[in-house]
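K.L.:
First, the structure itself, so that you have it in front of you.
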């Protein structure tokens, strides 16, 4: 079993080296104001980049440009970044690191700003580690940060907020249709600010250019997941080896329903999974036992349950229709009227056990086609199924190490 797990982990690790991240049609403008059409490696850029890789054609070599040599770059219909020297406040928003100063600490930096909207006024975004900042300007004028800062009070330790950005917008982005509470209710996030800027630009019939990714946001998948189980169950006695029981391998079909929540960053490569799954195991074993009346003991187990794997998945895109994925899961188990009982030859109960499964873990490797059909090979660790009361004397383990899981996504 260790060899199987090692092989699976080796395959999963190798995917990091060989997974494909696509080069997509884009451009950059260098310091000489020359526009170069090319193919840019799209990394999703959860944080604003300082460099990027590109190819001049599909078969040409991969090159790299940096913020020092490029004034602007973009991927058509997906994203656009411009280089600008701006004053940015990097004050922490973490509750443990808040300052006692209401004023932002603005320091000059050269950054690639992500363009969110262009029109009568432009909106930009900068994302760094634990940092979200937004900037704006009127066409061809200086880019300024929209000021927001959390801070503490010396007197009461209450967390306060400097929301100067509301006053900035009130002063600069005036529309006769806006009411004062339109700005008062604004939150300092992409969704609220983007909607506000679009409404402002539309107020003057100036069609905005929206660079926020337009592709379909497939943020939730519901998938039917039947699987083939080949499980075994063993009982081991701590002091009497003669009482050990192997119930043998049993093949059965399980049924799962996977709810997948796509995380909206890094090109939708990460997701959280919840997969309620029904599975069952039933077997019995009869042995000669000179320590019981009648000399024969029959032990029967019925172990039906609903597993609830809770996991994390990562996708590796091959092309528009195909992708490989890996996932790992923590698996609580809810047993359904289980029984584990040993009876004498005359039918009387010799010993009865209370089944109380403990959680286990799983690691999977799979392939998905056309966002509809999938196939996964999954390795699961063994699961102890007895309550703590029996642990010192008995070790009862359920093993279903390798599963073949089919998938059909409803949506």
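Residue numbers (the numbering used here): 1 to 411. Don't be surprised by glycine CBs; every beta carbon is placed ideally from N, CA and C.
With DSSP run on the structure shown, which of helix, strand or coil describes residue 413?
P.N.:
There is simply no residue 413 to check, as the chain begins at 1 and stops at 411 in what is shown.
K.L.:
According to DSSP, is residue 101 part of a helix, a strand, or is it coil?
P.N.:
Counted from its first residue, the chain shown places residue 101 at position 101. Residue 101 falls in the coil class under three-state DSSP.
K.L.:
Which residues in the same chain as residue 265 place their Cβ atom closer than 8 angstroms to its Cβ, once the five residues preceding and following it in sequence are excluded?
P.N.:
Working through the chain shown from its first residue, we reach residue 265 at position 265. These residues qualify, in order along the chain: 44 and 46.
K.L.:
For residue 382, collect the residues of the same chain with a Cβ closer than 6 angstroms to its Cβ; drop the 5 residues on either side in sequence, then sort them by chain order.
P.N.:
Mapped onto the chain shown, residue 382 falls at position 382. The residues are 397 and 399.
K.L.:
Please report the straight-line C-alpha distance between residue 194 and residue 32, rounded to a whole angstrom.
P.N.:
Reading the chain shown from its first residue, position 194 is the one you call residue 194. Reading the chain shown from its first residue, position 32 is the one you call residue 32. Going from the Cα of residue 194 to the Cα of residue 32 covers about 32 angstroms.
K.L.:
Going by beta-carbon coordinates alone, are residue 357 and residue 329 separated by less than 7 angstroms?
P.N.:
For the purposes of this step, residue 357 is taken as residue 357 along the chain shown, with counting starting at 1. For the purposes of this step, residue 329 is taken as residue 329 along the chain shown, with counting starting at 1. Taking 7 angstroms as the Cβ cut-off, residue 357 and residue 329 do not qualify as a contacting pair.
K.L.:
Find out if the Cβ-Cβ distance for the pair residue 117, residue 208 is shorter than 7 angstroms.
P.N.:
Position 117 of the chain shown, counting from 1, holds the residue named residue 117. Position 208 of the chain shown, counting from 1, holds the residue named residue 208. Yes. Within cutoff.
K.L.:
Tell whether a beta-carbon distance below 7 angstroms holds between residue 81 and residue 26.
P.N.:
Residue mapping note: residue 81 aligns to position 81 of the chain shown, counting from 1. Residue mapping note: residue 26 aligns to position 26 of the chain shown, counting from 1. It is not a contact, given that the beta carbons lie outside the stated cut-off.
K.L.:
Can the beta-carbon of residue 71 be found less than 7 angstroms from the beta-carbon of residue 40?
P.N.:
Mapped onto the chain shown, residue 71 falls at position 71. Mapped onto the chain shown, residue 40 falls at position 40. The answer is no: Cβ separation not under 7 angstroms.
K.L.:
Go through its chain and collect everything with a Cβ distance to residue 234's Cβ below 6 angstroms, but skip five positions before and after it.
P.N.:
By 1-based counting over the chain shown, the position of residue 234 is 234. Correct list, in chain order: 246 and 397.
K.L.:
Compare the Cα-Cα distances from residue 283 to each of 88, 339, 228 and 220 and report the closest residue.
P.N.:
Residue mapping note: residue 283 aligns to position 283 of the chain shown, counting from 1. The shortest CA-to-CA distance from residue 283 to any of 88, 339, 228 and 220 is the one to 339.
K.L.:
Just tell me which of 198, 290, 346 and 380 has its CA closest to the CA of residue 332.
P.N.:
Residue 332 sits at position 332 when you count from the first residue of the chain shown. Considering only alpha carbons, the answer is 380.
K.L.:
Looking at the strands, I want to know which residues DSSP matches up with residue 79.
P.N.:
For the purposes of this step, residue 79 is taken as the residue at position 79 of the chain shown. 75, per the DSSP bridge assignment.
K.L.:
When you compare only the Cα positions, how much space is there between residue 89 and residue 126?
P.N.:
For this step, residue 89 is matched to residue 89 along the chain shown. For this step, residue 126 is matched to residue 126 along the chain shown. Approximately 11 angstroms between the Cα atoms of the pair.
K.L.:
Are the CB atoms of residue 225 and residue 256 within a distance shorter than 7 angstroms?
P.N.:
As a first step, residue 256 must be located in the chain shown, where it is residue number 256. As a first step, residue 225 must be located in the chain shown, where it is residue number 225. Contact flag set, yes.
K.L.:
Throw me the rounded Cβ distance for the residue 316 and residue 22 pair, which I believe falls under 8 angstroms.
P.N.:
What you label residue 316 is simply residue 316 of the chain shown in a count that begins at 1. What you label residue 22 is simply residue 22 of the chain shown in a count that begins at 1. 11 angstroms between Cβ atoms; not a contact.
K.L.:
Buried or exposed for residue 187, going by 16 or more other Cβ atoms inside 10 Å?
P.N.:
As a first step, residue 187 must be located in the chain shown, where it is residue number 187. The residue in question, residue 187, is exposed, as its Cβ has fewer than 16 Cβ neighbours within 10 Å.
K.L.:
Could you tell me the distance, in whole angstroms, from the CA atom of residue 17 to the CA atom of residue 59?
P.N.:
Along the chain shown, one-based indexing puts residue 17 at 17. Along the chain shown, one-based indexing puts residue 59 at 59. Residue placement at residue 17 is poorly supported in this model, since its pLDDT is 40, which falls under 50; the coordinates still yield a value, given next. Their Cα atoms are separated by approximately 20 angstroms.
K.L.:
Quick one: residues in its chain with C-beta nearer than 6 angstroms to the C-beta of residue 491, no 5 flanking neighbours on either side, listed in chain order?
P.N.:
Past the boundaries of the shown model lies residue 491; the chain is included only from 1 to 411, so the question cannot be answered.
K.L.:
With DSSP run on the structure shown, which of helix, strand or coil describes residue 166?
P.N.:
Here residue 166 refers to the residue found at position 166 when the chain shown is read from its first residue. If DSSP states are grouped into helix, strand and coil, residue 166 belongs with the helices.
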